[in-house]
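A.B. asks: With this note's numbering, the residue at position 76 of the sequence shown is 164, and numbering never jumps.
Even for Gly, the Cβ is constructed at its ideal location relative to N, Cα and C.
Can you read through this structure? Questions will come right after.
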Amino acid sequence: MEDSTDIQNFCANYGFHQEYAVNQQLQEMNKQEEEMNVHAAHYAGELSQGKLKLSDLETGSDVDEVPFLSLAPFELLRNNPRRRKNTEGVKVRDVNDGANVHQKLSATQIMRLAGERFIQFSSNKFININNLLHPYGSAFSDLSPEDNQDVELAQILLTAAEKVSDQQYDRARKFLSQCQLLTSNTGNPVQRAVFYFAQALGERIDRETGKIMPKICTETDELNSICVASRFHASYVALHQEVPFTQIVHFTGIQAILESVATKPKVHLIDFLIRTGVQWASLIQAAAERKDNPIEHMKITVIESVNKERVIATGKSLESFANSLNFPFSFKIIFLPDRNQLTEDHFDIKPDEGVVIHAAFFLRAMICIPNCLETAMRVVRRLQPSLMVVSEVEANLNSPLFVNRFIDSLFYYSALFDCLEDVMKRDDQHRMTLEVSYGGGIRNIVGNEGEERVIRSVNLDVWRSFFRRFGMEEVKLSNTCLYQANLIIQQFACRSSCSVDVNGGSFMVSWKGTPIYSTSAWKFH
């Protein structure tokens, strides 16, 4: 890709920086008569109060009187096979001990089942229910009372989202008021997720109706928001002690880097976003212990735009650790408040160095500022590294179509809330802090558009297309990487809920079948 036109065209094709626009065709498909909306709000109220069950609506003699909410924007609720992977094999929590034991569904399973029921409830007048895809089948037909309530709650949220997408804000507020009555930030994971998504929808309505004025975010604002977890925050440290997501990403990357420089006497690692940098102590130790082709010198160069003092402290810690091992090591910081000023000359590359690049959760921070993304990739191409390791959030949270983005984010964040339910107590202050952080991401993804929407991510398939446009090819992560990733999982109490799946040559780290992170490796042809 030789100029900015190509990358901007590509970014536009994949929704990298598209502004919000109402899809007129979908808007027409979603138009409903006023009395149907009145009925829908009425039924939502009765559902929430336990006066009416969905089974009554689906099988009752007056089924033709049921309001039919539009189906088209929610097709992906039943047409998303990748996201259903491994759900049938997931172990779910049991509630009650005795003869009549109900399986407790995960939060993501609740949301998907709510989507299935939403489609039936919305459109059973127009399609054959037997032709619908049912990812859970009859195994989940006998739900516990709590799960049934959660499914109905999620359906109300989906209906509210549909009304927001149709710009029927008064109707949406009525459904959101039901959500507010039935949820809290201290309830079960479904209630907590709906609590934050309902808040986000409410803020979106306020923005659309002019009650909240737009705020234009800068690149520094975006990097600050995307890097919240990079600080030595006690809540994130507590999470990392309970869940292996980050460790898998880090140590898979370390193993891939070591393999790529196995014969290089000098190694130059470029870290586009160092965060805490604690993983590089493991890299230094592994490099210091290499007997065959010992490393003569390792250099780590870090690009920083926000907190120079923190990175200086990190560098001193790594240098001290390397000195304790008598390992030749140097650390360099490139401080650039404007990353668009980055050039290959900043790196002082030596001819005999093996260059590797580490980009963990960095590129998605550039999605909404494509000129910086273009600059970064142009520099990468000129550096011609022997390997580039990329780790990213494995979710499509950047669709230009609001409803698609809402549903994808609902599934993704529901998995995160479910994860916290399994590893932390409900009144744990670390959990509350983490969920407030998730809520901020949800509000930005769901409640904002255009330059205000800075929390963005795309999935691995989109990144594959992106890197190939630059002449890069995917490098298969080794069996050793996979072995180490699974070894890490086994060290955690939540190991039955975590998995590492091979996708092409890359890895996906999942929670109960829902992908959370991906790690991939790339090189130039």
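#1: Buried or exposed, going by whether 16 or more other CB atoms sit within 10 Å of the CB of residue 338?
#2: Could you spell out where the alpha helix (DSSP H) holding residue 520 opens and where it closes?
#3: CA-CA distance, residue 605 and residue 522?
#4: Is residue 481 close to chain B? Criterion is C-beta to C-beta, closer than 7 Å.
#5: Within its chain, find whatever has a CB closer than 6 Å to the CB of residue 602; leave out the 5 residues flanking it on each side and keep chain order.
#6: Can you give the Cα-Cα distance for residue 596 and residue 514, rounded to whole angstroms?
#7: May I ask which residues mark the beginning and end of the beta strand (DSSP E) holding residue 456?
#8: Rounded to whole angstroms, what is the Cα-Cα separation between residue 243 and residue 261?
#9: What did DSSP end up calling residue 370 once you bin it into helix, strand or coil?
#10: May I ask which residues mark the beginning and end of the beta strand (DSSP E) holding residue 421?
#11: Buried or exposed: residue 598, going by 16 or more other Cβ atoms within 10 Å of its Cβ?
#12: For residue 500, which of 512, 518, 526 has the nearest alpha-carbon?
#13: Evaluate residue 553 with the Cβ neighbour count: other Cβ atoms within 10 Å of its Cβ, from every protein chain shown; 16 or more gives buried, anything less gives exposed.
#14: So the beta strand (DSSP E) residue 603 belongs to, where does it begin and stop?
#15: Return the CA-CA distance between residue 253 and residue 538, expressed in angstroms with no decimal places.
#16: Output yes or no for whether 7 Å exceeds the beta carbon distance between residue 392 and residue 417.
#17: Sort out for me which residues DSSP pairs residue 389 with in a bridge.
#18: Using a threshold of 7 Å, state whether the C-beta atoms of residue 613 and residue 559 are closer than that.
#19: Between residue 343 and residue 576, which are expected to be in contact by the criterion C-beta below 8 Å, what is the C-beta distance as a whole number of angstroms?
#20: Between which residues of its own chain and residue 92 is the CB-CB distance below 6 Å, once the five residues before and five after are set aside?
#21: Give me the DSSP bridge partner(s) of residue 595.
#22: Considering only the beta carbon of each residue, do residue 264 and residue 290 sit closer than 7 Å?
#23: Can you pull the DSSP bridge partners for residue 481?
#24: Rounded to whole angstroms, what's the CA-CA distance from residue 280 to residue 608? Just pull it up for me.
#25: Just the Cα atoms here: how many angstroms apart are residue 557 and residue 430?
#26: Looking at the strands, I want to know which residues DSSP matches up with residue 448.
#27: Determine, using beta carbons only, whether residue 442 and residue 479 come nearer to each other than 7 Å.
#28: Please tell me whether residue 368 and residue 476 are closer than 7 Å, where the distance is taken between their beta carbons.
#29: Between the C-alpha atoms of residue 275 and residue 209, what's the straight-line distance to the nearest angstrom?
#30: Taking residue 615 as the reference, give the member of 296, 272, 241, 283 with the closest Cα.
#31: How many Å lie between residue 582 and residue 549 at the Cα?
#32: To which residues of the same chain is residue 566 closer than 8 Å at the C-beta, ignoring the five residues directly before and after it?
#33: Are the CB atoms of residue 455 and residue 541 within a distance shorter than 7 Å?
#34: Does the distance from the CB of residue 352 to the CB of residue 389 come in under 7 Å?
#35: Taking the alpha carbon of residue 386 as the point to measure from, which residue in 400, 402, 358, 363 has its own alpha carbon closest?
#36: Using the C-alpha atoms, what's the distance from residue 200 back to residue 326?
C.D. replies: The structure says:
#1: Within the sequence shown, the letter at position 250 stands for residue 338. The Cβ neighbour count for residue 338, taken over all protein chains shown within 10 Å, is at least 16; the residue is labelled buried.
#2: Numbered from 1 along the sequence shown, position 432 holds the residue referred to as residue 520. Going by DSSP, residue 520 is part of the alpha helix (DSSP H) stretching over 517-535.
#3: Within the sequence shown, the letter at position 517 stands for residue 605. Within the sequence shown, the letter at position 434 stands for residue 522. Looking at the two C-alpha atoms, the distance is approximately 17 Å.
#4: Of the protein chains in this structure there is only one, and it is not chain B.
#5: In the sequence shown, the residue the question calls residue 602 occupies position 514. So the qualifying residues of the chain are 196, 503.
#6: Mapped onto the sequence shown, residue 596 falls at position 508. Mapped onto the sequence shown, residue 514 falls at position 426. Taking the straight line from one Cα to the other gives about 28 Å.
#7: As a first step, residue 456 must be located in the sequence shown, where it is residue number 368. Boundaries cannot be given for residue 456, as no beta strand (DSSP E) includes it and DSSP labels it neither H nor E.
#8: Sequence index remark: in the sequence shown, residue 243 carries index 155 (1-based). Sequence index remark: in the sequence shown, residue 261 carries index 173 (1-based). Cα-Cα distance, rounded: 15 Å.
#9: Your numbering for residue 370 matches position 282 in the sequence shown. Here residue 370 sits in helix by DSSP.
#10: For the purposes of this step, residue 421 is taken as the residue at position 333 of the sequence shown. Element bounds for residue 421: 417-423.
#11: Counting from 1 along the sequence shown, the entry for residue 598 is found at position 510. It is buried - the Cβ of residue 598 has at least 16 other Cβ atoms within 10 Å.
#12: For the purposes of this step, residue 500 is taken as the residue at position 412 of the sequence shown. Of 512, 518, 526, the residue nearest in Cα terms is 526.
#13: Here residue 553 corresponds to residue number 465 of the sequence shown, with the count starting at 1. Answer is exposed; the Cβ neighbour count stays below 16.
#14: One-based indexing of the sequence shown puts residue 603 at position 515. Under the DSSP assignment, residue 603 falls in the beta strand (DSSP E) whose first and last residues are 602-612.
#15: Here residue 253 refers to the residue found at position 165 when the sequence shown is read from its first residue. Here residue 538 refers to the residue found at position 450 when the sequence shown is read from its first residue. Rounded to the nearest whole angstrom, the C-alpha separation of residue 253 and residue 538 is 16 Å.
#16: Locating residue 392 in the sequence shown gives position 304, where the first residue counts as 1. Locating residue 417 in the sequence shown gives position 329, where the first residue counts as 1. No, the pair does not count as a contact, with Cβ atoms beyond the cut-off.
#17: Taking the sequence shown and counting its residues from 1, the one referred to as residue 389 is at position 301. Partner(s): 358, 420.
#18: For the purposes of this step, residue 613 is identified with residue 525 of the sequence shown, where counting begins at 1. For the purposes of this step, residue 559 is identified with residue 471 of the sequence shown, where counting begins at 1. The Cβ atoms of residue 613 and residue 559 sit closer than 7 Å to each other.
#19: Translated into positions along the sequence shown, residue 343 becomes position 255. Translated into positions along the sequence shown, residue 576 becomes position 488. About 11 Å; that fails the 8 Å criterion.
#20: Here the question's residue 92 lines up with position 4 in the sequence shown. Interpretation of residue 92 is limited by its pLDDT of 48, a score under 50 that renders its predicted location unreliable; the figure taken from the coordinates is listed afterwards. Its chain contains 462 as the residues whose beta carbon lies nearer than 6 Å to that of residue 92, once the 5 sequence neighbours on both sides are disregarded; these appear in chain order.
#21: Indexing the sequence shown from 1 puts residue 595 at position 507. The partner list for residue 595 (beta bridge, DSSP) reads 590, 607.
#22: Taking the first residue of the sequence shown as 1, we reach residue 264 at position 176. Taking the first residue of the sequence shown as 1, we reach residue 290 at position 202. Yes; because the gap between Cβ atoms is below 7 Å, this pair is in contact.
#23: Looking up residue 481 in the sequence shown gives position 393. The secondary-structure analysis by DSSP pairs residue 481 across a beta bridge with 605.
#24: Walking along the sequence shown from the start, residue 280 turns up at place 192. Walking along the sequence shown from the start, residue 608 turns up at place 520. Per the coordinates, the alpha-carbon of residue 280 lies some 32 Å from the alpha-carbon of residue 608.
#25: Within the sequence shown, numbered from 1, the residue matching residue 557 stands at position 469. Within the sequence shown, numbered from 1, the residue matching residue 430 stands at position 342. Looking at the backbone, the Cα of residue 557 and that of residue 430 are separated by about 21 Å.
#26: As a working mapping, residue 448 is identified with position 360 in the sequence shown. Under DSSP, residue 448 takes part in a beta bridge, and its partners are 479.
#27: Here residue 442 corresponds to residue number 354 of the sequence shown, with the count starting at 1. Here residue 479 corresponds to residue number 391 of the sequence shown, with the count starting at 1. No, the Cβ-Cβ distance between residue 442 and residue 479 is not below 7 Å.
#28: Numbered from 1 along the sequence shown, position 280 holds the residue referred to as residue 368. Numbered from 1 along the sequence shown, position 388 holds the residue referred to as residue 476. With a cutoff of 7 Å on beta-carbon distance, residue 368 and residue 476 are scored as not near each other.
#29: Position 187 of the sequence shown, counted from the first residue, corresponds to residue 275. Position 121 of the sequence shown, counted from the first residue, corresponds to residue 209. Distance between the alpha carbons of residue 275 and residue 209: 26 Å.
#30: Since the displayed the chain opens at 89 and closes at 613, residue 615 lies outside it and no answer follows.
#31: The residue labelled residue 582 in the question sits at position 494 within the sequence shown. The residue labelled residue 549 in the question sits at position 461 within the sequence shown. CA-CA distance, residue 582 to residue 549, rounds to 28 Å.
#32: Reading the sequence shown from its first residue, position 478 is the one you call residue 566. Taking C-beta separations shorter than 8 Å and ignoring five residues to either side along the sequence, the partners of residue 566 in its chain run 343, 344, 347, following chain order.
#33: Indexing the sequence shown from 1 puts residue 541 at position 453. Indexing the sequence shown from 1 puts residue 455 at position 367. Not in contact: residue 541 and residue 455 (Cβ atoms no closer than 7 Å).
#34: Counted from its first residue, the sequence shown places residue 352 at position 264. Counted from its first residue, the sequence shown places residue 389 at position 301. By the CB criterion at 7 Å, residue 352 and residue 389 fall outside the cutoff.
#35: For the purposes of this step, residue 386 is taken as residue 298 along the sequence shown, with counting starting at 1. The option with the nearest alpha carbon to residue 386 is 358.
#36: The residue labelled residue 326 in the question sits at position 238 within the sequence shown. The residue labelled residue 200 in the question sits at position 112 within the sequence shown. When rounded, the distance between both Cα atoms is 29 Å.
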